[in-house]
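Chemist: Residue numbers (our numbering), protein chains in the order written: chain A, 208 to 381; chain B, 1067 to 1461. By construction, the Cβ of each residue, glycine as well, lies at the ideal position given by its N, Cα and C atoms.
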Amino acid sequence: MSRRLLVSSFAHENDLLAATQAAREHGYTILDAYTPFAVHGLDKAMGMRSTRLAWATLILGISGAVAKLWFQIWTSATSWPVNVGGKPLKSVPAFVPVTFEVMVLFAGVGTVLLFLAMRKLWPGKKPAFIYDGATNDRFILVLIQDNASFVVEEVRSLFERFHLVDLEERIERV
Amino acid sequence: MSTISAATRLAVRPSEGWARNLSILVLIGAAVALIGIFAAPDRAWPNVLLSTYYLISLGLAGGLFVALQYVSNAGWSVSFRRIPEAMTEVLPVTGLLLVVLFLGIHTLYEWSHEAVVANDPILHSKSGWLNEPFFIARSVFYLAVWMVMITAIVKRSQRQDASGDLELTRTNRKISAGFLVVFALTFTLASMDWIMSLEPHWFSTIFGIYNFAGLFLNGLATMTLVIILLKRMGPFRNVINDSHLHDLGKLIFAFSTFWMYIWFSQYVLIWYANIPEEVTYYARREEGGWGVLTIVNILFNWVIPFIALLPIWTKRHEGVLLRVCIFLMIGHWIDLFWMIMPPFMAKDPIVGLWELGPILAALAAFFLIVFKSLAKGNLLPVGDPMLGESLNLHT
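#1: Which of the residues in the stretch 1378-1408 of chain B, read from start to end, lie with their CB under 8 Å from any CB of chain A?
#2: Between the Cα of Val1436 of chain B and those of B:Gly1355, B:Val1292, B:Val1345, spot the shortest distance and give me the residue it belongs to.
#3: DSSP three-state label for Asp1065 of chain B, please.
#4: Can you grab the Cα-Cα spacing for the pair Ser1071 of chain B / Thr1254 of chain B, in whole Å?
#5: In three-state DSSP terms, what is Ala1106 of chain B?
#6: What are the residues that DSSP puts in a beta bridge with Thr236 of chain A?
#7: So is Asp244 of chain A buried or exposed if we call it buried at 16+ other beta carbons inside 10 Å?
#8: Look at the Cβ atom of Ala240 of chain A, then the Cβ atom of Leu348 of chain A, and state whether they are nearer than 8 Å.
#9: Comparing the C-beta of Thr1461 of chain B with each C-beta of chain A, is any distance below 8 Å?
#10: Considering Cα atoms alone, identify which of B:Ala1320, B:Trp1268, B:Arg1225, B:Ala1203 is closest to Ile1341 of chain B.
#11: With 16 other CB atoms within 10 Å as the buried threshold, where does Arg1075 of chain B fall?
#12: If you measure from the beta carbon of Gly340 of chain A to each beta carbon in chain B, is any gap under 8 Å?
#13: Between the alpha carbons of Trp1386 of chain B and Tyr338 of chain A, how many angstroms are there, rounded?
#14: Run the CB neighbour count on His1398 of chain B, radius 10 Å, all protein chains shown included, and call it buried at 16 or more, exposed below.
#15: Do you know offhand how far Arg363 of chain A's Cα is from Ala1152 of chain B's?
#16: Using a Cβ cut-off of 9 Å, which residues of the stretch 292-307 of chain A contact any Cβ in chain B, in chain order?
#17: In its own chain, which residues sit with a C-beta less than 7 Å from the C-beta of Ser1456 of chain B, not counting the 5 before and 5 after it?
#18: For Ser215 of chain A, decide whether its Cβ has a neighbour in chain B, counting only Cβ atoms nearer than 8 Å.
#19: Rounded to whole angstroms, what's the CA-CA distance from Trp1329 of chain B to Ala1412 of chain B? Just pull it up for me.
#20: Name, in chain order, the residues that DSSP records as bridge partners for Tyr1338 of chain B.
#21: Rounding to the nearest angstrom, what Cα-Cα distance links Glu1421 of chain B and Leu1234 of chain B in this structure?
#22: Within the continuous alpha helix (DSSP H) that includes Arg1008 of chain B, where are the two ends?
#23: Helix, strand or coil for Ser356 of chain A? Go by DSSP, reduced to three states.
In structure tokens, the structure reads:
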């Protein structure tokens, strides 16, 4: 299987934003955009739905807090009761700082690992070659030529309005 | 540029009736406070103190916010900098209130009675710091220093409107850095003097930062409230976008959690050590109605804002943010009530005429002063080099 891609590059982030918006309005399928730095508003221009990662963070945080709270009660009140200054064994205020830290640890580390896994960015992964300037001074938009009505010249004339710098076709083997 | 010039011409014009209604509220509240001082001094004086402290907090929070933006060279907040600047205008009025408060010093502060101090070894050993002349001198000193430094910043910011001189930004950055240091030291002492010494046997070294957390949280909430009101009234319609609201929402969310963090830090150390001279403070606040108020305080200042502002969309949503701000403004009043009142209300918190009058006057005076101040000059700092960045904020 292979698919035909159209790689277009721009010199300014505002051109990329406008071109992305226009491409979506014309019904082209956007594979991805590549920029040297984070361009605010690009996610909206690309029509991406907002991430579900926040929900994962919430669940990770709650499970970290619950697990740690249970662990502390189990270790210092159930399995081996420890009397600290005559306070009740299940003294929740004493458990709060550690519970809080473990909640942050679970949510923070878990979110990063989950993000890397979702984007398939594990160690040893080869970087995908997109375009020379994508890490320097070029803003790249990649479209998928996914139907017969896709005419490269039409895209070129559309993108030239946004000061298109370069346009090239690629065949990607999937 | 068209946005800038169009927006600056829109001055805020609070309608005549609006200003008159606020003035009437100020007068009613002040009258209630005045009658209370004679009819029920034990209840009225602490509330006058609370309201004065609330107003000082708002004015200081405005100055603090402006100084923080200068020090961090922040561009995003420039377009609404006139709001925190206007908030600082309440400080001169609080000077007047402070003078009034000195008349109630014997009702408020146990350590001001020489007979009590003579028979109390702890208070006697603290009398080098806690005595009337030094207390008054310190109070005046704090407010004077804050006003001088904040006025220096605000005046330069206003002068830049005409000249656009970059040197004013640079000077303001230096003054702001100095102000942050001075503020940290003086506000810590001020909160200990005015609030902590109401229970002079008790002490907490984290008290200053706890008060700072409340001050800045309420300052951010009130500032956001005014910004949203101005957005609804018109002048800020094209100035404030949802990215600004998002950033303000994030700050409120962060400082609400910071407040909780510090609240718990103070509580857990005292709970853990369990030393009689420290735990009396919380023992008093865990019984009966005060225990309920402790929970309500946490609900208003942290639980509700935290849950409400957790998703992205609520931070960008004008209506949700506005409601959270109102909750936090009430929450700050509850927080101060919880700190100030227990020595004066032995059993349960009571909220009646003497409690509501002074705070009504303070809030009405605040909005009156802020909107009058905003109507005077440019609503946008048109000479600031970073105004364009702020107007085009996109996150």
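Modeler: On the basis of the coordinates in this document:
#1: Ile1378
#2: B:Val1292
#3: The displayed coordinates of chain B run from 1067 to 1461. Any statement about residue 1065 of chain B would go beyond what the structure contains.
#4: With a pLDDT of only 48 at Ser1071 of chain B, under 50, the local geometry of the prediction cannot be trusted, and no value is derived from it.
#5: coil
#6: A:Ile351
#7: Residue 244 of chain A is actually Phe in this sequence, not Asp. It is exposed - the Cβ of Phe244 of chain A has fewer than 16 other Cβ atoms within 10 Å.
#8: yes
#9: yes
#10: B:Trp1268
#11: Note that Arg1075 of chain B scores 47 on pLDDT, short of 50, meaning its location in the model is unreliable; the coordinates nonetheless yield the value given after this. The residue in question, Arg1075 of chain B, is exposed, as its Cβ has fewer than 16 Cβ neighbours within 10 Å.
#12: no
#13: Sequence check: residue 1386 of chain B is Val here, not Trp. If you take the alpha carbons of Val1386 of chain B and Tyr338 of chain A, they lie about 43 Å apart.
#14: buried
#15: 52 Å
#16: Those residues of the stretch 292-307 of chain A that come within reach of chain B (Cβ to Cβ, closer than 9 Å) are Gly292, Gly293, Lys294, Ser298, Pro300, Ala301, Val303, Pro304, Phe307.
#17: Gly1141, Trp1142, Ser1143, Val1144, Ser1145
#18: no
#19: 22 Å
#20: None; Tyr1338 of chain B has no bridge partner.
#21: Roughly 44 Å between the two C-alpha positions.
#22: The requested residue 1008 of chain B does not occur in the structure, where chain B is confined to residues 1067 to 1461.
#23: coil
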